[in-house]
């Protein structure tokens, strides 16, 4: 199996990725425009899930986490758009960004069928898997393939926030069991 297979399979099972995105991530060497598109798509997926969670959950901790996801990922998208605008790079769709969007839509559809504790558990479990997959993508694909130094620097700078989100989601996941 390739370098991300186990993580991507887990993510696919949680609705974060499709198998096509797993294959695209494992094989593709994205250029800066595609990296920008992947960053925007990945953040948008989490923003949309966070907005849904804010509406659906009755759990104060889950609601606070969801609000933080919307705020933080909106901020990253704002930074990314400002950077690529300054660099004159137009974010481009790729198989991975399209697949991330599709997986995000599938996750939203699944979450909309759940209520109460089932919703909370499914949302938080997805956040754990999704953030781990994004960290893996940053480490193994996006950062190594970013050509422009400012883009690479931005990806490195936002990584700790994703790690903090993962740890927060793991804590919530344990509390919801």
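Residue numbers (my numbering): -16 to 160.
C-beta: ideal position from N, C-alpha, C; glycine also.
Start-to-end residues for the alpha helix (DSSP H) that takes in residue i
| i | result |
| --- | --- |
| residue 55 | 43 to 70 |
| residue 119 | 99 to 120 |
| residue 132 | 132 to 159 |
| residue 12 | Premise fails: residue 12 is in no alpha helix (DSSP H) and is neither H nor E. |
| residue 79 | 78 to 95 |
Residue i versus residue j - alpha carbon distance
| i | j | result |
| --- | --- | --- |
| residue 129 | residue 144 | 19 Å |
| residue -14 | residue 17 | Confidence is the limiting factor: at residue -14 the pLDDT is only 35, short of 50, which leaves the residue's position unreliable, though a coordinate-based value still follows. Cα to Cα, residue -14 sits roughly 20 Å from residue 17. |
| residue 22 | residue 98 | 30 Å |
| residue 36 | residue 74 | 27 Å |
| residue 108 | residue 137 | 27 Å |
| residue 146 | residue 118 | 7 Å |
| residue 59 | residue 19 | 11 Å |
| residue 47 | residue 123 | 30 Å |
| residue 32 | residue 89 | 11 Å |
| residue 68 | residue 160 | 44 Å |
| residue 120 | residue 158 | 27 Å |
| residue 100 | residue 24 | 28 Å |
| residue 182 | residue 81 | As shown, the chain starts at -16 and ends at 160. That puts residue 182 outside it, with no answer to give. |
Short CB-CB distance (under 9 Å) between residue i and chain C
| i | result |
| --- | --- |
| residue 76 | The structure shown contains no chain C; it holds only a single protein chain. |
Assumed close pair residue i, residue j - CB separation to whole angstroms, cut-off 8 Å
| i | j | result |
| --- | --- | --- |
| residue 111 | residue 156 | 5 Å |
| residue 134 | residue 66 | 7 Å |
| residue 54 | residue 102 | Rounded, the Cβ-Cβ distance is 21 Å, inconsistent with contact. |
| residue 115 | residue 149 | 6 Å |
| residue 13 | residue 57 | Between residue 57 and residue 13 the Cβ distance is about 23 Å, and since that is not below 8 Å, they are no contact. |
| residue 94 | residue 105 | 6 Å |
| residue 15 | residue 72 | 5 Å |
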